[in-house]
Amino acid sequence: MRVLLVGAGGVGTAVTRIAARRDFLTHMTVADYNLSRAESAVAALAEHGDRFSALRLDASDEKAVRRALVDERCDVLLNATDPRFVMPLFRAALAAGTHYLDMAMSLSSPHSTDPYERCGVKLGDEQFELAGEWERSGRLALAGMGVEPGLSDVFARYAADELFDEIEEIGVRDGADLTVEGYDFAPSFSIWTTIEECLNPPVVYEKERGWFTTAPFSEPEVFDFPEGIGPVECVNVEHEEVLLIPRWVDARRVTFKYGLGDDFIAKLKVLHELGLDSTTEVTVPGPNGPVQVSPRDVVAACLPDPATLGDRMTGKTCAGTWVKGVKDGADREVYLYHVVDNQWSMREYGSQAVVWQTAINPVIALELIAGGVWSGSGLVGPEALPPRPFLDLLTAYGSPWGLREEI
Numbered sequence: 017m018r019v020l021l022v023g024a025g026g027v028g029t030a031v032t033r034i035a036a037r038r039d040f041l042t043h044m045t046v047a048d049y050n051l052s053r054a055e056s057a058v059a060a061l062a063e064h065g066d067r068f069s070a071l072r073l074d075a076s077d078e079k080a081v082r083r084a085l086v087d088e089r090c091d092v093l094l095n096a097t098d099p100r101f102v103m104p105l106f107r108a109a110l111a112a113g114t115h116y117l118d119m120a121m122s123l124s125s126p127h128s129t130d131p132y133e134r135c136g137v138k139l140g141d142e143q144f145e146l147a148g149e150w151e152r153s154g155r156l157a158l159a160g161m162g163v164e165p166g167l168s169d170v171f172a173r174y175a176a177d178e179l180f181d182e183i184e185e186i187g188v189r190d191g192a193d194l195t196v197e198g199y200d201f202a203p204s205f206s207i208w209t210t211i212e213e214c215l216n217p218p219v220v221y222e223k224e225r226g227w228f229t230t231a232p233f234s235e236p237e238v239f240d241f242p243e244g245i246g247p248v249e250c251v252n253v254e255h256e257e258v259l260l261i262p263r264w265v266d267a268r269r270v271t272f273k274y275g276l277g278d279d280f281i282a283k284l285k286v287l288h289e290l291g292l293d294s295t296t297e298v299t300v301p302g303p304n305g306p307v308q309v310s311p312r313d314v315v316a317a318c319l320p321d322p323a324t325l326g327d328r329m330t331g332k333t334c335a336g337t338w339v340k341g342v343k344d345g346a347d348r349e350v351y352l353y354h355v356v357d358n359q360w361s362m363r364e365y366g367s368q369a370v371v372w373q374t375a376i377n378p379v380i381a382l383e384l385i386a387g388g389v390w391s392g393s394g395l396v397g398p399e400a401l402p403p404r405p406f407l408d409l410l411t412a413y414g415s416p417w418g419l420r421e422e423i
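Heads up, my numbering is the position in the sequence shown plus 16, with the first residue counted as 1.
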């Protein structure tokens with residue numbers, strides 16, 4: 017399999033380190049707007065011969081991406097950029113006749129008059145508008161194939177197939193006990209994406225009502241995470257699982273809650289109150305005259321790159337899916353989860369836990385597609401595909417998942 021990886025940040029670099037150990041990969045072209053970043057990712061894999069190469073590429077330039085896919089004879093485009101670039105990359109892969117994978121879907125926008133009750137443009141809506149074209153192309157567009165969304169959706173499908181006869185609620189629950197030495201505020205994932213998903217109105221799904229929204233940080237609950245992480249307060253956050261799972265899994269209610277903590281929430285609220293979460297460019301003085309900048313990009317530039325925090329980070333991160341329903345006439349409640357210890361991921365791969373946990377899942381998906389285990393055409397989420405081969409391969413990669421009975 018020949019892959020065009022677009023984005024050589026923390027997750028993209030972790031993808032290269034994981035994929036380098038697997039035989040299914042014939043060649044991976046590592047592309048980034050910053051050529052030196054792509055070259056650095058490739059240089060670290062020198063012992064793997066010529067299976068990796070670097071390329072400068074602007075993810076917003078749809079024609080350039082299509083040319084790169086053709087010139088590099090790629091079978092698939094793996095999108096490791098932030099959600100701003102989903103649509104040009106998505107369209108480029110369609111035009112080039114390749115498969116496509118991403119880890120976050122096209123952006124949402126709140127309802128113009130009732131943002132905390134009704135959905136406006138939902139995550140992924142722009143992509144689903146092209147679902148028919150993908151079906152006719154005969155190629156597979158696998159959306160939301162990171163850890164959350166991604167592995168969490170695989171867990172939902174597995175629960176529906178093997179653990180339950182009826183499902184009352186599926187709730188993705190994410191928590192960690194990670195700390196970063198020397199920083200009072202250092203998000204372990206892209207602050208651009210974090211702001212987007214945490215400050216937008218969260219979406220909830222109920223079978224009788226469909227999709228609807230609530231206020232940010234609503235419905236707080238304390239969830240007890242496994243493997244020593246312990247109780248963490250979680251709140252509603254906008255996330256793709258709520259938009260994907262109900263399309264393929266029958267459940268009465270679907271939610272996503274993130275363990276953010278009071279301090280993190282307070283800082284995000286301040287950014288919002290000051291308008292620093294905005295993506296609309298503002299004019300600021302510069303040495304050569306006025307320049308246009310996005311406040312959110314300024315915030316991102318002022319914070320440390322999450323990919324560089326591994327050496328200062330300690331603790332574990334947990335991604336998982338809590339499911340409540342009925343099996344063989346009896347109530348059942350389980351939590352399917354995946355925990356990564358930062359000390360382990362740094363020692364084994366040189367990648368901090370959060371980006372590594374995100375990166376392993378698209379690599380597994382690529383291997384399943386390369387082997388014909390996952391196949392099909394059209395736009396799908398991970399829950400549309402057989403879960404057991406994925407979970408078996410996750411364990412084979414040396415990072416097993418767990419299941420905890422709740423009642």
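Just so you know, even glycine gets a beta-carbon here, dropped at the ideal spot from N, CA and C.
In this structure, DSSP gives Y274 an extended state, which the three-state scheme calls strand. For T210, the uninterrupted alpha helix (DSSP H) segment begins and ends at 207-215.
Around the beta-carbon of Q143, 16 or more other beta-carbon atoms lie within 10 Å, marking it buried. Every alpha helix (DSSP H) of 4 residues or more that sits fully in the stretch 246-308 is shown, in chain order, as 256-264, 278-289.
Here the alpha carbon of A57 sits roughly 8 Å from the alpha carbon of V46. Partner residues in the beta bridge of C334, as assigned by DSSP, are G191, V355. For E256 and W150, the gap between their C-alpha atoms comes out near 20 Å.
The beta carbon of A400 sits closer than 7 Å to those of W264, all from its chain and outside the five residues before and after it, given in chain order. Counting only the Cα atoms, V22 lies some 21 Å from D39.
A check of alpha carbon separations from L395 across M161, P236, E383 identifies M161 as the nearest. Taking a cut-off of 8 Å for Cβ pairs, the stretch 182-190 and the stretch 74-84 do not touch, as fewer than three such pairs fall below it.
For V19, the uninterrupted beta strand (DSSP E) run begins and ends at 18-22, by DSSP.
The bridge partners DSSP lists for M44 are V19, F68. Residue burial annotation: N304 is exposed, with fewer than 16 other C-beta atoms found within 10 angstroms of its C-beta. Separation of the CB atoms of M329 and Q368 is rounded to 5 Å, and the pair is thereby assigned contact status at 8 Å. Shown here, I34 sits in a helix according to DSSP, grouped into three states.
Here A109 carries a helix assignment [DSSP, helix/strand/coil]. Put simply, the backbone Cα of I211 is about 42 Å away from that of G345.
Residue range 403-412 is occupied by the alpha helix (DSSP H) that includes L410. With fewer than 16 other Cβ atoms inside 10 Å of its own Cβ, V137 counts as exposed. Distance between V258 and Y174, taken at the CA atoms: about 16 Å.
The straight-line gap separating the alpha-carbon atoms of F406 and A172 is approximately 13 Å. Taken through DSSP and simplified to helix, strand or coil, L139 comes out as coil. Sequence-distant Cβ neighbours of F241 in its own chain, meaning closer than 7 Å and more than five residues away, are G191, V248, C334. Taking T230 as the centre and dropping the five residues before and after it, the same chain places the C-beta of Y132, P217, P218, V220, N252 closer than 7 Å to its C-beta, in chain order. Between the C-alpha atoms of A111 and E213 there is a straight-line separation of about 29 Å. Contact between H115 and I385 holds: their C-beta atoms lie close to 6 Å from each other, under 8 Å.
Residue environment analysis places G388 among the exposed positions, since fewer than 16 neighbouring C-beta atoms fall within 10 angstroms of its C-beta.
The beta-carbon separation of M119 and A96, rounded to 7 Å, stays under the 8 Å limit for a contact. Between the beta-carbon of T32 and that of L61 there is about 6 Å, and that keeps the pair under the 8 Å contact cut. Listed as beta-bridge partners of Y116 by DSSP are L93, A157. Counting C-beta atoms within 10 angstroms of its own C-beta, A282 has fewer than 16 neighbours from the protein chains shown and is therefore classed as exposed. Setting aside the 5 residues that flank it on each side, G113 is surrounded in the same chain by S153, R155, each with a C-beta closer than 8 Å to its C-beta; the list follows chain order. Counting the other Cβ atoms within 10 Å of the Cβ of T271 gives 16 or more, which makes it buried.
Inclusion of S122 and V102 in the CB contact set at 7 Å is warranted, their separation being smaller than that value. With fewer than 16 other beta carbons inside 10 angstroms of its own, L290 counts as exposed.
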